[in-house]
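Undergrad: One structure, as structure tokens, below. Some questions next.
Protein chains: 2
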Amino acid sequence: MANEKKFVQKITSRNTDFAAWYTDVVKEAKLCEYSSTKGCLNYLPNGYAIWENIQQNLDKRFKETGVENVYLPMLIPESLLNKEKEHIAGFAPEVAWVSHGGDEKLEERLCIRPTSETLFCDLWQKQVKSYRDLPLIWNQWNSVLRWEKTTRPFLRSREFLWQEGHTIHATREEAIKRTEMMFQIYQEFVTNELAIPLISGKKTESEKFAGAEDTYTIEAMMHDGKALQSGTSHFFGNGFPDAFNIKYLDKENNLHSVYETSWGLSTRIIGAIIMVHGDDSGLVLPPRIAPTQTMIIPIAAHKEGVMDKAYEILEKLKKANIKTKIDASEKSPGYKFAEQEMLGIPTRIEIGPKDIDNNQVIVVRRDNREKIPVAIDNLEKELPIILENIQKDMYNNAKIFLDNHLYEANTLEEMKEIASEKIGFIKAAWCGSEKCEELIKTETGGFGSRCLPLEEQNIENKKCVYCQKEAKHYVVWGKSY
Amino acid sequence: MANEKKFVQKITSRNTDFAAWYTDVVKEAKLCEYSSTKGCLNYLPNGYAIWENIQQNLDKRFKETGVENVYLPMLIPESLLNKEKEHIAGFAPEVAWVSHGGDEKLEERLCIRPTSETLFCDLWQKQVKSYRDLPLIWNQWNSVLRWEKTTRPFLRSREFLWQEGHTIHATREEAIKRTEMMFQIYQEFVTNELAIPLISGKKTESEKFAGAEDTYTIEAMMHDGKALQSGTSHFFGNGFPDAFNIKYLDKENNLHSVYETSWGLSTRIIGAIIMVHGDDSGLVLPPRIAPTQTMIIPIAAHKEGVMDKAYEILEKLKKANIKTKIDASEKSPGYKFAEQEMLGIPTRIEIGPKDIDNNQVIVVRRDNREKIPVAIDNLEKELPIILENIQKDMYNNAKIFLDNHLYEANTLEEMKEIASEKIGFIKAAWCGSEKCEELIKTETGGFGSRCLPLEEQNIENKKCVYCQKEAKHYVVWGKSY
């Protein structure tokens, strides 16, 4: 027991200090760690494997809608970045500049891409001539770099991994449809695969992406009540394409503007998985995205037949496409349990001499620690059901948490009271003025607008929570990462 | 016919000007093109899809041997790059330097990784303490940057995509075993999946990777007789790890050095696929790696029933996991044929009213243009056999080409004569002196040592082709990309 306690005691309790708990889990579950390159992460096997599963799953969804993958350079000439004014204003303060190639000073500086709208537009300008060349529905899986001052593992680092989709279309309607389609895919992916409930909708003017006409966002609530923006889909209209002079000839030989979208989801989402599902024993991974779904832990491994049976089960489960590992190390079973829990592996299979006599194993759920005896002969049928139940329960519990921490306010006083006493989001009506938006944030101690939520709700006769003038929208407000 | 001719005439004939043919194929098959970032490529959907297939296939092979994927930063602090002397000497002239983050001048310059040995060693130095922490068998799929002066699509560009595997082990023997294992995987992958025959073996001292004890290489012969180094696996001994002070305690608490390997394969290999298999009609892709394996081209598509049948076949083949597309555009069939050939799609399915009456289609092989009538009912069984035959024949033809262009020489005169009259490689014995190696290259007009080939051959009583002293090795010599 000494060992187990020591292992578990390595992490701070979630309710004592959420930030310290988060850092401890990231470290002890060996997901990533800071490198000697300041502000940049080493993504370790446990963390990167989660990202690989996210990639595979999302990539399949993208391709089913006609997305093609490409890869554009990591470096952008300064003159290219400068072409769209709002864009450069948004990104210039946070890009890294390459000044030398070998010993030679460059004639023009190159920045490491903070995002690739300018590169895509530059390429399209050369490629698009006729309506036959449209639409182009492209995506890349890559890393980008932004010179952040303060960084936190997964949540904010100078270099991070993501996918960035970029598309152009012949009509505004088609581009808007694509923006919404990708927003829809993010919602489905995050709720179904990551078991994370969302508040989703459009961003306000002031929170939009630099250069976009509309930004759609999915926002998740962390266990400390703060929001994490988890994916965005932007409609650009023809601002960027016109700045880059991308035009096409229609069937009647008339010259037209094209309409653009971009959409991205990053390794930030791993931070959301940790902060939505984790507990005081460590990480809790949703079964559908877990790199390992079950860990076989032999009890009294030295007794005759135990290891043979354990390996037999390993092979059987692998054949049934259940992601299974065995911990055959010399550590104590208790230590192995604690380790499996820290890593967030959704189930463990305990198997000892008595279990073998009864032709059964004990399946222990990571999320609620329920112990489920399962006949060995039925294991490959029962385990997938248990895993799906965990997936469902994890979503439902997170949804209950979200619902329980989503408040409504009609006046600034109410809002301030909730903000000072509770954690979570606040839904309140808003007149649409940027000034009110800013003042709400200041006076509530940081509750910024997260989004105009999708769910229709009658705004008629509602007043702005700040100025009490006629309201135009409901807004969900929250502190954010 | 006018259209088809025009399409095909876009590319130079392979025998007229091989370099121009190569550039034309890359462009017309829309694989990649230069970006506004000098020396860097845009990898377009057709090119990137080949790389994705290579990734998936290789990654599966890696993981079956216990490789775990990670991701380390793209930037390396100058002091870190400087830690291993041979390494920095090899790479310093060709790295790009970041001098500024936003408006702030950096205290220490950062280079964009040309390769990541130093980052891996820096990370391991923090992680490895005991024999329990070994081995670490890691890989990353990423991009690297080298400030090349002259560039060519896929073959040499400033930024390129690759995988770089890095491992450390408790013993020299285990590390050598891993070096050879990955070398073996490259050989199997390239011969079996890409249908490219190889000359494989160790590099000479002068051709080794900066800092390595041994470098294993796979070398392919392009259609112009030149060699393309297509993948390398390096054994580092403990040079790097000692420079970074990576040590471990064994079971008896004694401190030991660790032994390191690294191994990489890049998008260069796409250049090899083009230059080994391509012909005057464009690209020819091996079926196992082709993103599209068959293109359905309807003939007289306006006739009743043709399009219905074509789509019916499309669905049937997709269900059978054959990568199938249909060209339902308004172009002429002849133009579509030329386009499918240019893209290197291994087969096309021609289907018109007469074929439908006979309940058959015509399958046309891309590699030899053979026309094969196949009953529609048997198509999902017959087509995979045809594809496998293409794969086999492509390998065999490339192997015959390699064998026919692999010469032997006993004297420098013989070597010079072959070098001036033939294209291909020359096998010749060598004494082991770097001076002879260099002079052979100069006097033959560029035939450098490619490798000491694996196949055992009795070197006894053989003389060095240059100095006629006792030979130590056979070497395969060739001009290279």
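The listed protein sequences derive, respectively, from chains A and B. In terms of our numbering, the first sequence opens at residue 1 and continues consecutively. In terms of our numbering, the second sequence opens at residue 482 and continues consecutively. Beta carbons are placed, not taken as given, at the ideal position from N, Cα and C, and that holds for glycine. Since we're looking at a predicted model, the values are computed, not measured.
Can you find the residues in the same chain that come closer than 8 Å, C-beta to C-beta, to B/Leu642, ignoring five residues on each side of it along the sequence?
TA: Here residue 642 of chain B is taken as the residue at index 161 of the second sequence, counted from 1. Correct list, in chain order: Tyr524, Trp532, Trp622, Asn623, Ser624, Ser747, Thr748.
Undergrad: Identify, in the order they occur along the chain, each residue of the same chain with its Cβ nearer than 7 Å to the Cβ of A/Asp122, setting aside the five sequence neighbours on each side.
TA: Position 122 of the first sequence holds residue 122 of chain A. Contacts found: Leu80, Phe244.
Undergrad: Can you tell me whether DSSP reads A/Pro114 as helix, strand or coil?
TA: Your numbering for residue 114 of chain A matches position 114 in the first sequence. Reduced to three states, the DSSP call for A/Pro114 is coil.
Undergrad: Would you say A/Ile185 lies against chain B (beta-carbon separation less than 8 Å)?
TA: One-based indexing of the first sequence puts residue 185 of chain A at position 185. No, its Cβ sits nowhere closer than 8 Å to a Cβ of chain B.
Undergrad: Could you check what DSSP says for B/Gly712 in three-state terms: helix, strand or coil?
TA: Against the second sequence, residue 712 of chain B aligns to sequence position 231. Three-state result, B/Gly712: strand.
Undergrad: Answer yes or no: does any C-beta atom of chain B fall closer than 8 Å to that of A/Ala243?
TA: By one-based count along the first sequence, residue 243 of chain A stands at place 243. It does not; no Cβ of chain B falls within 8 Å.
Undergrad: Applying the criterion that 16 or more other CB atoms from any shown protein chain within 10 Å of the CB defines a buried residue, is A/Thr444 buried or exposed?
TA: Translated into positions along the first sequence, residue 444 of chain A becomes position 444. Buried: at least 16 other Cβ atoms inside 10 Å.
Undergrad: Kindly list, in the order they appear in chain A, the residues whose Cβ is closer than 9 Å to that of B/Met555.
TA: Locating residue 555 of chain B in the second sequence gives position 74, where the first residue counts as 1. Neighbours of B/Met555 on chain A, chain order: Thr37, Cys40, Met74, Ile112, Ser143, Leu145, Glu159.
Undergrad: Cα separation between A/Thr324 and A/Tyr311?
TA: Sequence index remark: in the first sequence, residue 324 of chain A carries index 324 (1-based). Sequence index remark: in the first sequence, residue 311 of chain A carries index 311 (1-based). Rounded to the nearest angstrom, the two C-alpha atoms are 11 Å apart.
Undergrad: Starting from the beta carbon of A/Pro153, find every residue of chain B whose beta carbon is closer than 9 Å, and list them in chain order.
TA: Within the first sequence, numbered from 1, the residue matching residue 153 of chain A stands at position 153. Ordered by position in chain B, no residue passes the 9 Å Cβ test against A/Pro153, which lies about 13 Å from the chain.
Undergrad: In chain B, which residues lie less than 8 Å from A/Ser99 when you measure between Cβ atoms?
TA: By 1-based counting over the first sequence, the position of residue 99 of chain A is 99. Those within 8 Å of A/Ser99 in chain B are Trp578, Val579, Ser580, His581.
Undergrad: Do we get a CB-CB distance below 8 Å when we pair B/Ile796 with the residues of chain A?
TA: For the purposes of this step, residue 796 of chain B is taken as the residue at position 315 of the second sequence. Reading off the sequence shown, one finds Glu at residue 796 of chain B, where the question assumed Ile. Not one chain A Cβ lies under 8 Å of B/Glu796.
Undergrad: Taking all protein chains shown into account, decide if A/Ser130 is buried (16 or more other Cβ within 10 angstroms of its Cβ) or exposed.
TA: Start at 1 with the first residue of the first sequence, and residue 130 of chain A comes out as number 130. A/Ser130 is exposed by the Cβ-count criterion.
Undergrad: Which value, in whole angstroms, describes the spacing of the CA atoms of A/Gln340 and A/Ile351?
TA: Translated into the one-based positions of the first sequence, residue 340 of chain A becomes position 340. Translated into the one-based positions of the first sequence, residue 351 of chain A becomes position 351. Between A/Gln340 and A/Ile351, the C-alpha separation is close to 15 Å.
Undergrad: With 8 Å as the threshold, decide whether the Cβ of B/Trp911 is near any Cβ in chain A.
TA: For the purposes of this step, residue 911 of chain B is identified with residue 430 of the second sequence, where counting begins at 1. No, B/Trp911 does not count as interfacial toward chain A.
Undergrad: Terminal residues of the continuous beta strand (DSSP E) containing B/Glu700?
TA: Residue mapping note: residue 700 of chain B aligns to position 219 of the second sequence, counting from 1. That run of the beta strand (DSSP E) goes 695–702.
Undergrad: If you run the structure through DSSP and keep just helix, strand and coil, what is B/Ser930?
TA: On the second sequence, position 449 is the one that residue 930 of chain B refers to. Strand.
Undergrad: Tell me the residue span of the alpha helix (DSSP H) that contains B/Tyr1025.
TA: The first residue shown for chain B is 482 and the last is 962, placing residue 1025 of chain B beyond what the model contains.
Undergrad: Could you tell me the distance, in whole angstroms, from the CA atom of B/Ile803 to the CA atom of A/Lys83?
TA: Taking the first residue of the second sequence as 1, we reach residue 803 of chain B at position 322. Taking the first residue of the first sequence as 1, we reach residue 83 of chain A at position 83. Cα to Cα, B/Ile803 sits roughly 44 Å from A/Lys83.
Undergrad: Count the other CB atoms, across all protein chains shown, that sit within 10 Å of the CB of B/Pro827; report buried if there are 16 or more and exposed otherwise.
TA: Translated into positions along the second sequence, residue 827 of chain B becomes position 346. That one is buried.
Undergrad: Between A/Pro45 and B/Val551, is the Cβ-Cβ spacing less than 8 Å?
TA: For the purposes of this step, residue 45 of chain A is identified with residue 45 of the first sequence, where counting begins at 1. For the purposes of this step, residue 551 of chain B is identified with residue 70 of the second sequence, where counting begins at 1. Yes.
Undergrad: Does the count of Cβ pairs from the region 831–848 of chain B and the region 862–879 of chain B closer than 8 Å reach three?
TA: Yes, the region 831–848 of chain B is in contact with the region 862–879 of chain B.
Undergrad: Could you please give the first and the last residue of the uninterrupted beta strand (DSSP E) stretch that includes A/Ile362?
TA: Indexing the first sequence from 1 puts residue 362 of chain A at position 362. First-last of the beta strand (DSSP E) with A/Ile362: 360–365.
Undergrad: Kindly list the residues whose CB is nearer than 7 Å to the CB of B/Ala483, restricted to its own chain and excluding five residues on each side of it in sequence; keep chain order.
TA: Within the second sequence, the letter at position 2 stands for residue 483 of chain B. Any reading at B/Ala483 is ruled out, since the residue's pLDDT is 43, under 50, leaving its predicted position unreliable.
Undergrad: Just grab the DSSP bridge partners of B/Glu831 for me.
TA: Reading the second sequence from its first residue, position 350 is the one you call residue 831 of chain B. Answer is B/Ile778, B/Ile843.
Undergrad: For B/Gly712, which option in B/Ser738, B/Ile649, B/Ala753, B/Asp731 has the closest C-alpha, if you only look at C-alpha atoms?
TA: Translated into positions along the second sequence, residue 712 of chain B becomes position 231. When only C-alpha atoms are compared, the closest one is B/Ala753.
Undergrad: For B/His715 versus B/Ala701, is the C-beta spacing smaller than 8 Å?
TA: Taking the first residue of the second sequence as position 1, residue 715 of chain B is located at position 234. Taking the first residue of the second sequence as position 1, residue 701 of chain B is located at position 220. Cβ atoms of B/His715 and B/Ala701: not closer than 8 Å.
Undergrad: What residues in the region 309–334 of chain A have a beta carbon less than 8 Å from any beta carbon of chain B?
TA: Residues passing the 8 Å Cβ filter: none.
Undergrad: Can you name the start and end residues of the alpha helix (DSSP H) that B/Gln821 belongs to?
TA: Numbered from its first residue, the second sequence carries residue 821 of chain B at position 340. Looking at the DSSP string, the run of the alpha helix (DSSP H) that includes B/Gln821 is 814–824.
Undergrad: With H, G and I counted as helix, E and B as strand and the rest as coil, what does DSSP make of B/Ser914?
TA: Locating residue 914 of chain B in the second sequence gives position 433, where the first residue counts as 1. B/Ser914 falls in the coil class under three-state DSSP.
Undergrad: For A/His166, which three-state DSSP category applies?
TA: Locating residue 166 of chain A in the first sequence gives position 166, where the first residue counts as 1. A/His166: strand per DSSP, three-state reduction.
Undergrad: If contacts are defined as beta-carbon pairs under 8 Å, then A/Ala175 and A/Thr118 qualify, I think. What distance do you get, rounded to the angstrom?
TA: The count along the first sequence starts at 1 and reaches residue 175 of chain A at position 175. The count along the first sequence starts at 1 and reaches residue 118 of chain A at position 118. The pair is not a contact, with the Cβ atoms about 18 Å apart (cut-off 8 Å).
Undergrad: Tell me where the alpha helix (DSSP H) around B/Ile657 begins and ends.
TA: In the second sequence, counting from the first residue as 1, residue 657 of chain B sits at position 176. It spans 653–673 - the alpha helix (DSSP H) in which B/Ile657 sits, taken as one unbroken run.
Undergrad: Going by DSSP, name the residue or residues bridged to A/Asn378.
TA: For this step, residue 378 of chain A is matched to residue 378 along the first sequence. Partner(s): none; A/Asn378 has no beta bridge.
Undergrad: Starting from B/Glu533, find everything on chain A with Cβ-Cβ shorter than 8 Å and list it in chain order.
TA: In the second sequence, counting from the first residue as 1, residue 533 of chain B sits at position 52. Going along chain A in sequence order, the residues near B/Glu533 (Cβ under 8 Å) are Asn69.
Undergrad: Listing by chain order, which chain B residues have their CB less than 7 Å from the CB of A/Asp24?
TA: Position 24 of the first sequence, counted from the start, is the residue given in the question as residue 24 of chain A. Going along chain B, no residue has its Cβ under 7 Å from A/Asp24, so there is no contact; the nearest lies around 17 Å.
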